[in-house]
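Set out below in structure tokens:
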């Protein structure tokens, strides 16, 4: 129990926002703490975990993550923080770090695309949340750039260019620690009626086909059209 208490105490330091984070139960043979984060504090907790990964969090949070990983190494175990939908928020290599070496972090240019659904935060750069289907990404933008993106919340698909900071874990999996946006451009308005109307204006023989979907399926299968 004392060992478990040490893990839970360090998790609390990593999460911060003490009044909004609650331990619900210990699942699976006293090895899995189940934590509830109140909805208004969730973005703050996610930003704090991201800051720990990019070594930008307060010293107390950084040290707590190191202590958890050191303890897992001593206990011959590994760990991972997961959200309710199963996404991995933070990895603790634990015993894996004793036999394999991490690589990085390294900086690599990259691109993210999605609809801006949230822009906010007290720090500079500002976290910008993008939604691309079921995937959600958080990129960092200087305040002037974030202000421009904020003007098109929920209305347009944007392509954000910038530089990501990556690390390769001991299991060979690459993880992005942070992504700093340098520019963005609007790809399209998030208006399906408008997009369909524009597609209908495109000239082409497909408009005269009796069964355009059937013809498309034949093309996909490699069947030569007569």
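Numbering (our numbering), first residue to last: 1338 to 1563.
Positions of the beta carbon are idealized from the N, C-alpha and C atoms, including for glycine.
This one's a predicted model, so the numbers in the text were calculated from it and none came from an experiment.
Does any CB atom of chain C fall closer than 8 Å to the CB of residue 1389?
The structure shown has no chain C; it contains just one protein chain.
On the DSSP bridge list, what partners appear for residue 1474?
Residue 1474 pairs with 1467.
Which residues does DSSP list as the beta-bridge partners of residue 1445?
Residue pairing for residue 1445: DSSP places it in a beta bridge opposite 1501.
The beta strand (DSSP E) enclosing residue 1380, as first and last residue numbers:
Looking at the DSSP string, residue 1380 is not in any beta strand (DSSP E); the run it does join, the alpha helix (DSSP H), is 1379-1390.
Output the distance between the C-alpha atoms of residue 1448 and residue 1348, rounded to the nearest integer angstrom.
Each residue's alpha carbon lies about 32 Å from the other.
Can you check DSSP and say which residues form a bridge with residue 1363?
In the DSSP output, where bridge partners are listed per residue, residue 1363 has 1370.
When the Cα atoms are used, what is the spatial distance from residue 1433 to residue 1523?
Near 42 Å, if we compare the C-alpha coordinates of residue 1523 and residue 1433.
Nearest CA to the CA of residue 1478: which residue from 1472, 1487, 1470?
Taking only the C-alpha atoms, the option nearest residue 1478 is 1487.
What three-state label does DSSP hand residue 1345 in the structure shown?
Of the three classes helix, strand and coil, the one that applies to residue 1345 here is helix, per DSSP.
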